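**Student:** When you line the sequence shown up against the working numbering, it's residues 521 to 1148, in that order.
Glycine residues also receive a C-beta, built at the ideal position from the N, C-alpha and C atoms.
The structure displayed is predicted, hence computed values, not measured ones.
After the structure tokens below, expect a handful of questions from me.
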Amino acid sequence: MRRTPARLAVLLLAAGAISVPAAQAAPADQQRQRDFAAAAAEFGVPQDVLLGVSFLESRWDTNAGTPSTSAGYGPMHLTDLRTAGVGTHHDEGGEDPRGDDSRPPLHPEAGPPVPPPDSLQSLDTAAELTGVDAATLRTDPAQNIRGGAALLASYHRETGDWYQAVAKYSGSEEQSAATAFADEVFSTIATGVERVTDDGQRVSLAPTPTAAPKGVPAAAGPIECPQGISCEWIPAPYQEIPDGYGNHDKADRPNSQKIDYIVIHDTEGYWTNVLDMVQDPTYVSWHYSLRSADGHIAQHVPTKDVAWHAGNWYVNAKSIGLEHEGFAAKGTWYTEAMYRTSAKLVRHLSDKYDIPLDRDHIIGHDNVPGLSPIRIPDMHWDPGPYWDWTHYFDLLGAPLGRGDTGSGDWRPNTGMVTIAPDFATNKPAFEFCEKNVPLCPARGSTSVILRTEPRADAPLLKDIGLHPQTGQSTMHVSDVGSRVDSGQQYAVAEVRGDWTAVWYLGQKGWFHNPAGAKTAKPAQGKVVTPKPGVQSVQIWGGAYPEAAAYPEHITPRDFIPLPYTMPAGQRYTLGLTTDSEYYYAVDFDTSDHQVVRGETKFVQVQFGHRIAYVKADDVRILPSWAPN
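Quick look at the structure:
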């Protein structure tokens, strides 16, 4: 490509080969913006297109040089599966995804891994086009942007059209997915966006008129997806197998049971393997899978039916499960494309089933309680501490803490807080994201660590359910025993200087919450506390009926309280109130499936990192600011 003098000057300035007088020098935090301008000029790519593609992949972040959940590096998400490696389940434990004690535990084994597609190795082509080695393209933001610009330019030469070039950049093999990705990029260009990246760079994309979106054709099959996103029907099999049946249960929700939850998972596997597993009748199921590179969605189970995904039968019967391609520890960030289509899907399901958009109802797999004490240590912990709940709820149009009382001094006592760390700068020192590697990369995180005292070197809290032998929590990336996440709400126990304590698993958990850099927002709402005269309240992993509610042909569930209690004087935030229910579905023949309903009412509380339930007769519900 011919380089004009002006274009050459842009390149030399970006490379530092020439300088400008100090009075005219651009601020250091605008270097990323200059890198985009230089790469666009060098390779003849419209700057708004380059910025739009990068935003939909990474939001212009560097993510500390770590790979995304689909092996992408840097602002342009150049994929290098060879270096990122094929992730596997990371200490996920032996959870029974179905979680129904009326049936034998289900511990299916995944089939042999299928090689990921060649589309997850775009970095090699970028290296050939730019002459820059692979390691530099992965770790140097400016060179990574050049690599992405070179790829886009090459795709434009192939297609002769920038829209088609952007669609090809998605790596999507399905035309509908490629079209949806390009539509989202050009929609972003049309609306414009600006933000500060995870490494402090100010980048902006001014609103720019674009051609109308191409639009995604309606998918075939019983798809339950909103319009405008790429969605296909890949059914999970409901069929008999030699030792029973798989891999989900037929139901008639919401006519039979209200759907209260949407559970966010990650797949712990790449797309092809995930689709193979969900189509295996001997494996388990979930309602939707979402692909990392482009946000494409596959639906597997009708939302009226019960999938086996959350490890807790009560929650399974009341929820919809979404699996996002990725790894809770191995790959540490999720693409903007997947965040956006996931948010559109959740908004659609929220509207359809009247599910509130808050962290009491939109929960992670790591927030699902064990249904009995023996199940707690094996419960899964995805999507992990690197899922950006704050950004996700912004995309949902329901910003976390939107009803809170402001960012000022809340010591007049609203009685509760919403956890709200700054994702980019909040970097807990987690351990063993990689086996045999003690320290995880210093990465932005949604998680805040709790201590037994108001000091940074105080011990972590104890979780006697998760750690039955010692109770002692650790900084292992999978250990949620002394950890809170963005959007979760807790009752305030005490404030000392820059430290705030909340009630957590029957203890006071302290976190650093200094003025000017708060990790929590003051909030108002309702809290749950033991009734006067009740010394402690039992904690439950579900809301099952009393034994008398079961008909003669159904054995009552052996419902055991969890190994925690809510002592008198402590408070926990209210999630929802619910009647007791048990969905009896143990045979392939659906004729005897039945929802057993009891008289006992339960209250959902934010008891630790996970939600829990208490019997309504044991507690009273108060405004968070009211005295006991």
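#1: Is the CB of Leu869 under 9 Å away from at least one CB in chain C?
#2: Per the DSSP calculation, Leu1096 is bridged to which residue(s)?
#3: If Trp833 and Arg618 are in contact, beta carbons under 8 Å, what's the gap, nearest whole angstrom?
#4: Who does Gln1058 pair with in a DSSP beta bridge?
#5: Distance, Cα to Cα, Ser590 vs Gly605?
#6: Using 10 angstroms around the beta-carbon of Leu810, count the other beta-carbons present and answer buried if the total reaches 16, otherwise exposed.
#7: Output needed for Gln695: all residues of its chain with C-beta closer than 7 Å, excluding positions within five of it in sequence on either side, in chain order.
#8: When the Cα atoms are used, what is the spatial distance from Gly985 to Leu1025?
#9: Leaving out five residues before and five after Lys1135 in sequence, what residues of the same chain have Cβ atoms less than 8 Å from its Cβ?
#10: In the DSSP assignment, what are the bridge partners of Tyr1010?
#11: Please report the distance separating the alpha-carbon of Pro595 from that of Ser578.
#12: Count the other CB atoms, across all protein chains shown, that sit within 10 Å of the CB of Pro921; report buried if there are 16 or more and exposed otherwise.
#13: Would you call the CB atoms of Trp1023 and Gly1029 closer than 9 Å?
#14: Return the first residue and the last residue of the alpha helix (DSSP H) that Gly735 is part of.
#15: Per DSSP, Tyr593 is paired with what?
#16: Could you tell me how far apart the beta carbons of Pro801 and Gln759 are, in whole angstroms, since I believe they sit closer than 8 Å?
#17: Tell me, to the nearest whole angstrom, how far the beta carbon of His768 is from that of Ala827; I am working on the premise that it is less than 8 Å.
#18: Please look up how many angstroms separate the CB atoms of Thr645 and Leu671, rounded, as I've assumed it's under 8 Å.
#19: CA-CA distance, Asp929 and Ala1011?
#20: In whole angstroms, what is the alpha-carbon distance linking Phe504 and Ala1021?
#21: On the criterion of 16 or more Cβ atoms from any shown chain inside 10 Å, does Ile761 qualify as buried, or is it exposed?
#22: Looking at C-beta atoms only, is the number of pairs between the stretch 724-733 and the stretch 788-799 that lie closer than 8 Å three or more?
#23: To which residues does DSSP link Cys751 through a beta bridge?
#24: How is the alpha helix (DSSP H) around Lys850 delimited, first residue to last?
#25: Whole-angstrom Cβ separation of Lys850 and Ile779, contact assumed at under 8 Å?
#26: Of the residues Ala976, Pro628, Lys734, which one's Cα is nearest the Cα of Ser805?
#27: For Pro1034, which residues from the same chain have a beta carbon less than 8 Å from its beta carbon, with the 5 sequence-adjacent residues on both sides left out?
#28: Mind checking whether Thr861 and Ala813 have CB atoms under 9 Å apart?
#29: Secondary structure at Thr994, three-state DSSP: helix, strand or coil?
#30: Check whether the Cβ atoms of Asp616 and Asp1078 lie closer than 9 Å to each other.
#31: Alpha carbons only, please: which of Pro742, Ala918, Val1048 is nearest the one belonging to Ala1146?
#32: Judging by CA-CA distance, which residue of Val821, Ala940, Lys1046 is the nearest neighbour of Asp1005?
#33: Does the distance from the CB of Gly720 to the CB of Asp549 come in under 9 Å?
#34: Cα separation between Thr934 and Lys770?
#35: Would you call the stretch 676-690 and the stretch 648-667 touching, i.e. three or more CB-CB distances under 8 Å?
#36: What's the C-alpha gap between Lys688 and Thr910?
**Tutor:** To lay it out plainly:
#1: Looking for chain C here will not work: only one protein chain is present.
#2: Gln1124
#3: 7 Å
#4: Thr1085
#5: 10 Å
#6: buried
#7: none
#8: 10 Å
#9: Val1057, Gln1058, Trp1060, Thr1120, Lys1121, Phe1122, Val1123
#10: Val937
#11: 5 Å
#12: The question names Pro, yet the displayed sequence has Gly at residue 921. By the neighbour-count rule (16 or more Cβ atoms within 10 Å), Gly921 is buried.
#13: yes
#14: It is not in any alpha helix (DSSP H) - Gly735 carries neither H nor E in the DSSP assignment.
#15: Leu598
#16: 5 Å
#17: 5 Å
#18: 6 Å
#19: Only weak support exists for where Asp929 lies, its pLDDT of 49 falling under 50; the coordinates are left without a value.
#20: Any answer about residue 504 is impossible in this case: the structure gives the chain only from 521 up to 1148.
#21: exposed
#22: no
#23: Ile817
#24: Unbroken run through Lys850: none, as it is neither H nor E.
#25: With 8 Å as the limit, Lys850 and Ile779 do not qualify as a contact, their Cβ atoms being about 31 Å apart.
#26: Pro628
#27: Asp1018
#28: no
#29: coil
#30: no
#31: Val1048
#32: Ala940
#33: yes
#34: 45 Å
#35: no
#36: 30 Å
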